[in-house]
Amino acid sequence: MRWLRTFGEVVRSGLTIEETRLEPLLALRTAAGVAIVIGSALWLVSPAYAASAALGAFSAGGATFQRTWRPRKVIALGAGAGLALSTFVGYLAAGRLVTFLPLLAVWAFAAGMAWALGSTAGIVAATTVGSMLVTITLPTSVGRALEHAAVIALGGVAQAVLILLFPIRRWGAHRDALADALAAVADYARRLRHDPTAPFEPEPLMTARDAAAVTPSQARTRPPVLHGPRGLAERILPVVAALADPDVGAPAEGPGRDRARELLDAAAGVLDAAARTVRRGTPAEVPAGTAEVLHVDEEHEVLEGLARQAAERLVELLGEALEIAGSGGARDKAPTPHGPASAPFLVRPTMFRLLPVAVRAVRPELRRDSPVFRHAVRLAAVATLGYLIASRLPLNHGYWAPIASVMVMRPDFHRTYARAVARLAGTLAGVALATGTVRALGPDADVFGALAVISAALSYTLIRTGYAYSQCFTAAYVVFLLGMGGQAWEQTVPERVVLTLIGGALAMLAYVVFPAWETPRLPGRLADWLAANGRYAAAVLRSHAEPTREHRADMRRALLASREARAAWQEAYEQAQQEPVRPRGLTSREAEEAEEALKGFDRAAMVMESHVPRADSRFGPEAERLAEALEADTAQAAVDVREHRNPDWGRVEDALHAWEGAAGDRSQVLRRGAELQKRALEDLATAVSRTPLERDVGSAREEQRVRAAVAAEDDGSGSGHRVG
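Each residue of the sequence shown is one higher than the last, beginning at 0 in numbering that gives the first Met the number 0.
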């Protein structure tokens, strides 16, 4: 029943229309690139060359729609070069299975490992496998193979030239990422008005940081508005949390709470205005009356103590946000200094310096339990097996089966199955649409070329609304393209449907045979997040104990590592929820309770970060002792969680007990933050701990598994001796 229910969810997911903003201008420009190369090749050479050129232009254009922060023209050129290389190398090994199959397996394995660099690299690499499978059937000699490879590369060049000549929102993706981060902090401020302990999801800030990493050439042309607001959002985030917190900020009830709500609402309005400015590049209006709310009256201010400090700090930061919103981001025209010593931007390696980065990213994934490695093995096996099966069938275009497998396979279960269902549904609809159109219009190379361009444009337009809907017009595009080359639609339509079904079935079967389930890995992901949170909390305490520049840098690095561990946990947990396997180590309820506990622990550390003192202020050795205790206990607890043992917080309890009466009033925020963290750790222990009965049952089951394994080995060896 679990598999049936999961498969039903997969079907719904594969056919769901995703609500997203369409980009018709981008689709039109990319389709124009396809039209240019198809028209030129038909006019100057032949339909066969037009098919090759269309493959390069269509695939390179599709690559530019992937989520990436590099210039789109670079992605188009890189995709075109990869497609051309795979075409030529594939042709050199084609003709004999003994040479082509090993090359296909190695190339597909490398394409699978490209997911270690990110989804864009993985998807573009998969298209090169498809190119290798398709175009080895077109050339008839090495010289022709070089010509076809060059024509395919020209398709990528055509797309890059159009991007250069007709830029559309050149920095649009970067603007959107930064605006989304500011809007996320604004939304958080609004939620704090009603829930003072609401958690914050850091994904928008992580995306904005990723978008902020640019190459030196990009840094020279980046709009001024993209330089500073991300850091501003990072600084505002802990301040609004500290102001709203009833333990260290505004009181839970009364005039102080009302004043805090006013400030939080004003902060949300200012940040939303700054987000609009960043997104559009023009000044935005700030809500009326905001200036009055942000005025801190020395005599009549109702907030006191730590709450007043947070309010003053928030007003100061919002002043910078007001400048951004009112000026359209054009206030900083000074040239940006360059160089490794004083670079004010996050450096992204250029394409030519990407090889060492790729090697460092791939190397840790070369292990049996890595989802990326397992995906690469599945991809290599399915591509070669699909090619072998299709070559033995009495059908033309047998490469469609392995292409369908390669293009739907992803490192996780849910996306692989959902895309397989979506591809089959889209193919059925697309070939039906193409069949009706061909019957109505009749065979004509020029007409087929025009229809292929129209189908490509519709595919690009719907590329972000769901794989099934984009695939519908991609299937029609392929049918029209083959018709342009002289293939009869009566043959191509049923062949594509049958081979797509075979390829999708192979992709789905491969995940069952060699899965990469995230469910058994949940305790390890939780342990990683716990250890990272412990290091972050310890770094915050050390910054309080000795607020040096080095400790602040350590705190920043620990915060980023904590966010990455949290994102890895959330991704793993979401995938585990969609897998048809039973929970191992952590039930769904335990995982949810543990997640809430760690969010509370992280939030307490964030509140403490907002009150890190200046360089001339210090808090004795108590904060340092608590930092060492937190780091040691969370590191040991991470090991305990992995090995299904109950965590213990003895060192933290001893450090807090020793701190009683040793610190003055200035450490109030630290004391309250430490108590909140201790409470969160206790909640975590309650969530993951096992009772004696549960431990006994688990030990008994483990014993039974060991005995069964030993018995199976004995039976196997015994039967072997009997046979011998």
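Don't be surprised by glycine CBs; every beta carbon is placed ideally from N, CA and C.
(message) Residues in the same chain with beta-carbon distance under 7 Å from residue 256, minus the five sequence neighbours each way, listed in chain order, please.
(response) 249, 250
(message) How far does the alpha helix (DSSP H) with residue 735 in it extend, from its first residue to its last?
(response) Past the boundaries of the shown model lies residue 735; the chain is included only from 0 to 723, so the question cannot be answered.
(message) Assuming residue 454 is part of the alpha helix (DSSP H), what are its boundary residues?
(response) 444–460
(request) Kindly list the residues whose CB is nearer than 8 Å to the CB of residue 285, restricted to its own chain and excluding five residues on each side of it in sequence; keep chain order. (result) 268, 269, 272, 321, 324, 325
(message) Please classify residue 372 as buried or exposed, where buried requires at least 16 other C-beta atoms within 10 Å of its C-beta.
(response) buried
(request) Run the CB neighbour count on residue 296, radius 10 Å, all protein chains shown included, and call it buried at 16 or more, exposed below. (result) exposed
(message) Let's test the definition: count the other Cβ atoms within 10 Å of the Cβ of residue 173 and tell me whether it reaches 16, buried, or not, exposed.
(response) Buried, by the Cβ-count rule.
(request) Can you tell me which of 461, 60, 278, 266 puts its alpha carbon nearest to the alpha carbon of residue 765? (result) The structure shown does not extend to residue 765, since the chain spans only 0 to 723, so no value can be given for it.
(message) Using a Cβ-Cβ cutoff of less than 6 Å, which residues in the same chain neighbour residue 72 once the five nearest sequence positions on both sides are dropped?
(response) 159, 162, 163.
(message) Let me check one thing: in DSSP terms, what residues is residue 345 bridge-paired to?
(response) 212
(message) I'd like the list of long-range same chain contacts for residue 346, defined as Cβ closer than 7 Å, with 5 residues on each side in sequence excluded.
(response) Within its own chain, the residues whose Cβ lies closer than 7 Å to the Cβ of residue 346, once the five positions on either side in sequence are excluded, are 212, listed in chain order.
(message) Looking only at its chain, what residues have a beta carbon closer than 8 Å to the beta carbon of residue 518, apart from the 5 residues adjacent to it on each side?
(response) 575, 578, 580, 581, 582, 583
(request) Identify the continuous alpha helix (DSSP H) that holds residue 635 and give its terminal residues. (result) Per DSSP, the continuous alpha helix (DSSP H) segment holding residue 635 begins and ends at 621–641.
(message) Assess contact between the region 359–377 and the region 511–526, defined as three or more Cβ pairs (one per stretch) separated by less than 8 Å. Is contact present?
(response) yes
(request) Along the alpha helix (DSSP H) that carries residue 431, what are the first and last residues, could you check? (result) 412–440
(request) Assuming residue 672 contacts residue 606 (C-beta within less than 8 Å), just tell me the rounded distance between them. (result) 6 Å
(message) Nearest by alpha-carbon distance to residue 425: which of 379, 216, 476 is it?
(response) The shortest Cα separation from residue 425 among 379, 216, 476 belongs to 476.
(message) Using a 10 Å radius around the Cβ and a threshold of 16 neighbouring Cβ atoms, would you call residue 663 buried or exposed?
(response) Its pLDDT being 49, under 50, residue 663 is placed unreliably by the model, and the measurement read from it follows with that caveat. Per the 10 Å Cβ criterion, exposed.
(request) Count the other CB atoms, across all protein chains shown, that sit within 10 Å of the CB of residue 443; report buried if there are 16 or more and exposed otherwise. (result) Per the 10 Å Cβ criterion, exposed.
(request) Could you tell me the distance, in whole angstroms, from the CA atom of residue 12 to the CA atom of residue 202? (result) 22 Å
(request) Within 10 angstroms of the Cβ of residue 219, are there 16 or more other Cβ atoms? Answer buried if so, exposed if not. (result) exposed
(message) What does the Cβ neighbour count give for residue 177, buried or exposed, with the cut at 16 atoms within 10 Å?
(response) Under this definition residue 177 is a buried residue.
(message) For residue 27, which residues in the same chain have their Cβ closer than 7 Å to its Cβ, ignoring the five residues on either side in sequence?
(response) Excluding positions up to five away in sequence, the list reads 456.
(request) Find out if the Cβ-Cβ distance for the pair residue 639, residue 646 is shorter than 9 Å. (result) yes
(request) Using a threshold of 9 Å, state whether the C-beta atoms of residue 184 and residue 110 are closer than that. (result) In this structure, residue 184 sits away from residue 110, with a CB-CB distance that is not shorter than 9 Å.
(message) Between the alpha carbons of residue 724 and residue 535, how many angstroms are there, rounded?
(response) Given a span of 0 to 723 for the chain in the structure shown, any question on residue 724 remains unanswerable.
(message) Among the candidates 40, 62, 113, whose CA atom is the shortest distance from the CA of residue 53?
(response) Among 40, 62, 113, the Cα nearest to that of residue 53 belongs to 40.
(request) Give me the Cα-Cα distance between residue 104 and residue 380, rounded to the nearest whole angstrom. (result) 7 Å
(message) Just to confirm, is the Cβ distance from residue 500 to residue 388 under 9 Å?
(response) Cβ atoms of residue 500 and residue 388: not closer than 9 Å.
(message) According to DSSP, simplified to helix, strand and coil, what is residue 127?
(response) Helix, per DSSP.
(request) Go through its chain and collect everything with a Cβ distance to residue 214's Cβ below 6 Å, but skip five positions before and after it. (result) Correct list, in chain order: 347, 349.
(request) Indicate the three-state DSSP secondary structure (helix, strand or coil) for residue 663 in the structure shown. (result) Confidence at residue 663 is low in this model, with a pLDDT of 49, below 50, so the placement of that residue is unreliable and no value is reported for it.
(message) Suppose contacts are defined by Cβ-Cβ distances below 9 Å. Is residue 568 in contact with residue 525 by that definition?
(response) yes
(request) Find the nearest neighbour of residue 106 within the set 405, 294, 207, judged by alpha-carbon distance. (result) For residue 106, the closest of 405, 294, 207 by C-alpha to C-alpha distance is 405.
(message) Assuming residue 158 is part of the alpha helix (DSSP H), what are its boundary residues?
(response) 141–164
(message) Helix, strand or coil, according to DSSP, for residue 374 in the structure here?
(response) helix
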